[in-house]
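Numbering (my numbering), first residue to last: 18 to 303.
Yeah, the Cβ is synthetic: ideal placement off N, Cα and C, and Gly gets one too.
Everything below concerns the one structure shown next.
Written out as structure tokens, the structure is:
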């Protein structure tokens with residue numbers, strides 16, 4: 018079955034989908050996006066993702082292209098037309114099409130909206146989590162507003178490619194003070210030798226991940242001790258466990274950082290417990 022994409026009011030074959038050459042997303046990276054997990058044909062944590070979308074748009078002064086209710090219909094239609102049971106749905110909103118100019122276009126310029134969906138084999142994710150992943154560390158050279166989920170992801174792309182070339186799956190950004198900020202497409206966590214769960218506060222320096230937010234609730238239900246504070250690479254190397262979180266990774270154990278084993282070099286019980294309990298706390302739309 019051929020894939021279907023939603024592009025500015027129309028459902029079109031994915032292979033034929035396109036945007037105007039002067040769309041500001043293409044010209045300037047002037048837009049935002051969201052990625053929502055699809056589980057059993059239903060979106061996970063839709064409410065939280067839409068709230069973050071509205072915030073990101075507001076920070077960039079881009080209009081919501083339609084009401085949230087209408088957007089929900091488009092998301093569900095795209096999922097259904099692609100027959101996605103387990104996978105993800107991606108939406109991107111840009112400032113629209115206008116003559117290339119650094120100034121904002123006329124306020125009447127309609128935003129552009131693209132939505133796609135694709136299936137992911139859950140068994141593959143479980144296999145990766147069962148083995149754990151390796152990460153490398155790289156200097157954090159991104160702009161300061163990483164709290165906005167913007168489509169301008171070139172530093173993240175370069176970091177992820179560096180990880181791939183090093184035989185790792187993820188890269189952790191490290192700030193000038195030596196603290197881990199977040200991954201190229203994930204939030205970063207460690208478990209200290211004393212058993213405390215540590216992740217950087219989301220007030221600045223990282224994106225407030227939706228999965229990160231839910232994992233904090235899962236940790237509370239599991240009665241885990243949590244500290245939201247910066248942690249150094251040295252702390253991560255000395256940790257009992259490390260893991261990453263995102264909408265498509267849930268909680269995936271990190272077993273090596275910069276070529277050095279974390280703990281005993283195998284996935285640990287805290288990351289496994291968080292992963293196993295995630296969907297008991299996440300909101301799954303029906």
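State the DSSP-derived secondary structure class of residue i, mapped to helix, strand or coil.
i: residue 158; result: coil
i: residue 193; result: coil
i: residue 268; result: strand
i: residue 203; result: coil
i: residue 232; result: helix
i: residue 263; result: strand
i: residue 95; result: helix
i: residue 132; result: strand
i: residue 35; result: coil
i: residue 73; result: helix
i: residue 298; result: helix
i: residue 289; result: helix
i: residue 237; result: helix
i: residue 90; result: helix
i: residue 318; result: Past the boundaries of the shown model lies residue 318; the chain is included only from 18 to 303, so the question cannot be answered.
i: residue 250; result: helix
i: residue 188; result: strand
Do residue i and residue j have their CB atoms nearer than 7 Å?
i: residue 199; j: residue 223; result: yes
i: residue 42; j: residue 111; result: yes
i: residue 267; j: residue 197; result: no
i: residue 184; j: residue 270; result: no
i: residue 214; j: residue 243; result: yes
i: residue 291; j: residue 274; result: no
i: residue 24; j: residue 34; result: yes
i: residue 91; j: residue 109; result: no
i: residue 203; j: residue 220; result: no
i: residue 250; j: residue 191; result: yes
In its own chain, which residues sit with a C-beta less than 6 Å from the C-beta of residue i, not counting the 5 before and 5 after it?
i: residue 258; result: 208, 280, 285, 287, 288
i: residue 115; result: 122, 126
i: residue 294; result: 235
i: residue 210; result: 257
i: residue 107; result: 52, 133
Out of the options, point me to the one whose CA is closest to residue i's CA.
i: residue 142; options: 27, 263, 155; result: 263
i: residue 157; options: 69, 216, 189, 78; result: 189
i: residue 300; options: 255, 232, 277, 245; result: 232
i: residue 177; options: 165, 152, 166; result: 152
i: residue 52; options: 212, 290, 298, 227; result: 227
i: residue 217; options: 174, 164, 124; result: 164
i: residue 21; options: 98, 88, 36; result: 98
i: residue 56; options: 119, 19, 137, 203; result: 137
i: residue 129; options: 48, 238, 220, 240; result: 48
i: residue 175; options: 166, 195, 193, 154; result: 154
i: residue 265; options: 93, 69, 83, 145; result: 145
Near residue i, which residues of its chain fall below 7 Å by C-beta distance, leaving aside the five closest residues on each side in sequence?
i: residue 169; result: 46
i: residue 81; result: 71, 74
i: residue 117; result: 39, 44
i: residue 239; result: 290, 294
Please work out which residues of its chain come closer than 8 Å, Cβ to Cβ, to residue i, disregarding the five sequence neighbours upstream and downstream, and give them in chain order.
i: residue 162; result: 76
i: residue 139; result: 103
Checklist entry - Where are the beta strand (DSSP E) runs, 3 residues long or more, that stay fully inside the segment 102-127, in chain order? => result 104-111
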